[in-house]
Amino acid sequence: MLNRRQFLKRTAGTAAAVGFPCIVPGRALGLNGAVPANSRIVVGCIGSGGQGRYDLNGFLDSPDAQVVAICDVKPEAREAARQQVDGKYGQKGCEVYNDFRELLARKDIDCVLIASPDHWHVLHALAAVRAGKDVYVEKPLGLSLHDAFILRETAHRYGRLFQFGTQQRSMPQFRSACELVRNGRIGQLKSIKVSAPSGFAERTGKDKYTTAPVPEGFDYEMWLGPAPAAPYTPRRVATPFWYHNSDYALGYIAGWGIHHVDIAQWGNDTELTGPVEIEGSGVFPAADALCDTALNWDCRMKYANGVTMHYTSDGGPNKHGVLFEGTEGWVHVDRNGMDAHPKSLLKEKFRPDEIHLPVSMQHQQNLLDCMRTREQPICNIDVAVRTETICHLADIAMRLGRPLRWDPQQERFPDDEAANRRMKRAMRAPWHL
Amino acid sequence: MMNTQIAPILPALLATAPFTAREAQADQKPIRVLILSGQTVHDCKTTTPFLEKMYNRSGRFQVVGIVEDVSRITADTFSKCDVIVSNWTCHPIMTGGPWTAEGKEAFSAAIRAGKGMVSFHAASAACNDWEDFQTISGLTWKLNHTSHTTYHTFKVVIRDQSHPITRGLPDFWITDELYQKMVKMTEAEHHLLAEAWSEGQFNGTSRYEPMLITTQLGQGRGVNLLLGHDVPAMSNPAFQTLMLRSTEWAATGEVTIPMADDWPFSAAAASVVGVDVDAAVKAAAGYAHGQSRRPLFVLEQLTITMASLQGVSANARRHELATKLAAALESPAAPEAKAFLCGQLSQVGTAEQVPAIAALLEDVNLSDAARLALERIPAPEAGQALIDALEKTTGQTRQGIVASLANRGAAEAVAVLTPLLKSSDATLVNATAAALGRIGGEDAVAALQAALPGASAANQPALLDAFLACAEKFLADGRKLEALKIYRRLYSPALPLPIRLASLRGLMTVRPGDADRLLLKALTSSERSLQVLAISLIRKLPAEADLDVFAGRADRLPPESQILLARALADRKDKAALAVLREAIKTADPSLQRQVEQICREADGK
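Chains as they are written, first to last, in my numbering: chain D, -13 to 419; chain C, 28 to 633.
Below, the structure is given as structure tokens:
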């Protein structure tokens, strides 16, 4: 890890020479994949746990990118990522950081992968876009819609590109399913049924909440960041447990389900709007010492276009995945593939004058490609916030247990103070938006 | 079969019978109920008295007898009742059993002659080999086949809204066992009124299971309700409504009993049936890190239920809870318990609880939790409490309060925030700048403007960011001139590039007519980032825009920008501009010209 003195020396040296990132990837220049090092997009990573290291592969495998820096508050996570990066490039050179602000101060970094715990996503992304970096941000955006709106506003302010970690948009069957729906192949779309895991089994009753000394080298205070102070306990900071603790996440109603909700929005052609009515219900664990997000949920929504969406956790009446039901057929899609009725839809081709959704074959590469043209990535900030919103709407409706109305233009619950209160959540000082 | 894997959430409660106020109508004689009791597998010592009280309080029924030993049933046993309610089973003995031949005959005869029969939960789990019993039960428990989920909270869906028992009743939630794979032993048909999804993760069958059915034996009407494992489950108002309405229907064929007022519309409401507010608040106030979260769960469900209450008594009930939460804040509870109470107040608190919450603002351990509540309580008193606390706090605590004022969008706070920009604490200055940016308005702009000239490098980005945020607020309010002033000021080579890029975008938004001039200047500037931004903005110009003017200057660009511009033109299918660009670079390096030709061919779809 870089010490403070080396860090200062380095940033002082690069600031004047490099200046603000300016990207023209080699492939854009017709270099056919052989990108000289000085033309590559320079990537840093904040949060290099399991998901972060998975996402890193997308950047490491791209000829357009050069990963140069890793930040994590867990020494073993940053060391594992450093080895992954240096191993891939066959050379030493990846720097590691404990404090994300030091990584973001590096002027040579153009793009930042953010795969920290959910309660950090907005703060890390805000700091990155304010520093002029483009970002790949793991889903979901976090704990409060209000925070997500501020991030959207700030990303637009600085014209920064944002790619959301809803990588199903870069998997061909999801695009095909949405194209079938958008081109009317199942007739008029009537309803969407979405189901995703609640993580019931992976977290229930597994912790008696034993506190322990904070491990050597682990910056627990920084891990907590904007979340409430709490005594260290090993499970609190381990996946999958923090996924299901409301201090750090909404649970899988956002953490997993957001993937399929995103596809539902894509197929429904409602990417820049949202439902107008929501009702939901869910069951919460009564006695788990650590995890307190919903064990299951069952939410029904209605869009202004009349389409209904039934969003449940796996184990309920909906099949895992996304089912689009129309007046003349249906299409079901999940990570295993696509099914449809009539079956002939599976071989459907689209005429040139029909809707062809943007093609992204690889989610990280899509961002890198867009950094060349400054076009918007396939799950840009506007789309991402709308998808995020649906997860929050479902969560709020489930908690309040009564029908809610939502105004997608104002992005408020009209005349519903109890619901509107749940749109923001104070951060622990000194962290702020 | 009846082991509960998850213990009931709440202590056993006596019936909070929803119908205590109801008086029997003058022309109605009470319906006479005979209860069959005695069980090996359920606690009939608590459930039978519960039933007895429920019926007697309803005003519609009178319990005329309780049979504690079915082997003593004689021909006379059923003569004085209108309806039989069974809380009896001999599970796991499913055949044979204690009934005498005389008892069975009396039971069959009574029902066939028109007396009603209501069984609930395990009462139909008996006498698999007795046809009349099975006919009136409709569904029974078959050993090694039938089972139940773990005790959990689930939704019961009404499937027949036209039947007298369920007419007008909405779906409801209950915390109970969910019986599954119940078996029909006879040819007789039954009629489904309600069912519930048996969820796999609670050891369920992943299908809908019947919860309420009606049956017929001779002239006798039967009802089988599969809910009601124990007193907490039976305390559910919907269970009681269904039991009473079922019993009335079985006895008379009609239903006059209304739906309970406190119908459990949500899982939360079902989880707090009969919970005493005082006890729940007290239990949560006693929480400390490491203990069971159960009291927090109960209080949270209560808060959620209160937060979503509607109707005439809603405000009064929320007020009662909020008052008790605020009082508990003043008790000697652990910080984590008080933080939790603040979280509940953030949902149901009003101006009245602000003083109790604000008292925690200066407490370094509780200030964050207090802010959570004060940010969410809409009353102006909450904002004023934060302003008042600014002077009394320092360091991180103070910064937190600044952030909360920002989250409230507190315009009234600009005057007290402004002096903080002069603080020697750089982090406080940054927090204050961010807050002023979020609040916006000319006073905020004036404050930022005054602070900028002397700002340190540590504060400059936050101040500039706040300026831009103020400009966006002006734009959103239609105050273009004010926005323009800010963007013009910030579009300066002296400022960091992100700020210049942001202000260029801003300028183009405010003055689309200036776009060509601004873009051309940016495109031909010596800064590559500005060039790249200009090209990306050229891409987004209106379709009718004339791009020749940009293409004609391509000769002044470095090769990488030339190619980017060519791609932008190609993506817009602007062949005329592409031709201009090719003309402009005709003396450039041949390999570059070949690349541009390739781009043009791609644009032609070749």
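Cβ coordinates follow ideal geometry from the N, Cα and C atoms, glycine included.
- Is DSSP giving C/D541 helix, strand or coil here? helix
- Roughly how many whole angstroms lie between the Cα atoms of C/V576 and C/L547? 8 Å
- Message: I'd like to confirm the pairing. Which residues does DSSP put opposite C/H218 in its beta bridges?
- Response: C/T241
- Item | Inter-residue spacing [alpha-carbon to alpha-carbon] between D/P261 and D/M287 | 6 Å
- Task: Pick out the complete beta strand (DSSP E) segments inside the stretch 266 to 338 of chain D, 3 residues or longer, and give them in chain order.
- Result: 282 to 289, 294 to 299, 307 to 312, 316 to 320 and 323 to 327
- Indicate the three-state DSSP secondary structure (helix, strand or coil) for C/D664 in the structure shown. No statement about residue 664 of chain C is possible, as the shown extent of chain C runs from 28 to 633 and does not include it.
- Task: Note down, in chain order, every chain D residue with its Cβ under 7 Å from the Cβ of C/W224.
- Result: G302 and P303
- For D/K179, the residue or residues it bridges with in DSSP: D/H296 and D/L309
- If you check the beta carbons only, do D/P183 and D/S299 fall under 8 Å apart? yes
- Message: Buried or exposed, going by whether 16 or more other CB atoms sit within 10 Å of the CB of C/S6?
- Response: This structure cannot speak to residue 6 of chain C, because chain C is shown only from 28 to 633.
- Below 6 Å CB to CB, which residues in the same chain sit around C/M209 once its five sequence neighbours on both sides are set aside? L166 and T173
- Message: Can you confirm whether C/T551, when its beta carbon is compared against all beta carbons of chain D, has any partner nearer than 8 Å?
- Response: no
- Nearest neighbour of C/I626, chosen from C/A593, C/C369, C/K613 and C/D198 [CA to CA]: C/A593
- Query: Looking at the structure shown, is D/L99 part of a helix, part of a strand, or coil, going by DSSP?
  - Reply: strand
- Neighbour-count burial assignment, C/T330, 16 or more Cβ in a 10 Å radius: buried
- Interface residues of chain C around D/P217 at Cβ under 8 Å? H316 and G317
- Query: Helix, strand or coil: which one does DSSP assign to C/A42?
  - Reply: Because the pLDDT of C/A42 is 39, which lies under 50, any placement of that residue in the model is unreliable, and the question is left without a value.
- Count the C-beta pairs between the stretch 374 to 391 of chain D and the stretch 386 to 402 of chain C that are closer than 8 Å, then say yes if the count reaches three, no if not. no
- Query: With 16 as the cutoff for other CB atoms within 10 Å, does D/G347 come out buried or exposed?
  - Reply: The sequence given here places Met at residue 347 of chain D; Gly does not occur at that position. By the neighbour-count rule (16 or more Cβ atoms within 10 Å), D/M347 is not buried but exposed.
- Task: Drop a sphere of 10 angstroms on the beta-carbon of C/A312, count the other beta-carbons inside from all chains shown, and report buried for 16 or more, exposed for fewer.
- Result: buried
- Task: Check each residue of the stretch 430 to 461 of chain C: if its Cβ is closer than 8 Å to any Cβ of chain D, include it; give the result in chain order.
- Result: A430, S431, A433, N434, T454, A458 and A461
- Message: Between C/A294 and chain D, is the shortest Cβ-Cβ distance under 8 Å, so that the two count as touching?
- Response: yes
- Query: What did DSSP end up calling D/A117 once you bin it into helix, strand or coil?
  - Reply: coil
- Task: Could you work out which residues of chain C lie near D/E139, taking near to mean beta carbons separated by less than 8 Å?
- Result: A496 and E499
- Query: By the 10 Å Cβ neighbour count, where 16 or more other Cβ atoms means buried, how is D/I341 classified, buried or exposed?
  - Reply: exposed
- Considering D/C57, what are the terminal residues of the beta strand (DSSP E) in which it resides? A51 to C57
- For D/T140, three-class secondary structure by DSSP: helix
- Can you tell me whether DSSP reads D/P261 as helix, strand or coil? strand
- Task: Indicate, with yes or no, if the ligand ZN has a heavy atom lying under 7 Å from the CB of C/L547.
- Result: The ligand ZN is not part of this structure, which contains no ligands at all.
- Query: If you count every other CB in all the chains shown that lies within 10 Å of the CB of D/N254, and 16 or more means buried, which is it?
  - Reply: buried
- Query: C/S394 versus chain D: which residues are under 8 Å apart at the beta carbon?
  - Reply: A415
- Is the stretch 312 to 330 of chain D close to the stretch 227 to 244 of chain C, with three or more CB pairs under 8 Å? no
- When burial is assigned at 16 or more other CB atoms within 10 Å of the CB, is C/R320 buried or exposed? buried
- Query: In whole angstroms, what is the alpha-carbon distance linking D/D41 and D/C356?
  - Reply: 17 Å
- C/I331 at chain D interface by Cβ criterion, 8 Å: yes
- Under the three-state DSSP convention, the category C/A630 falls into: helix
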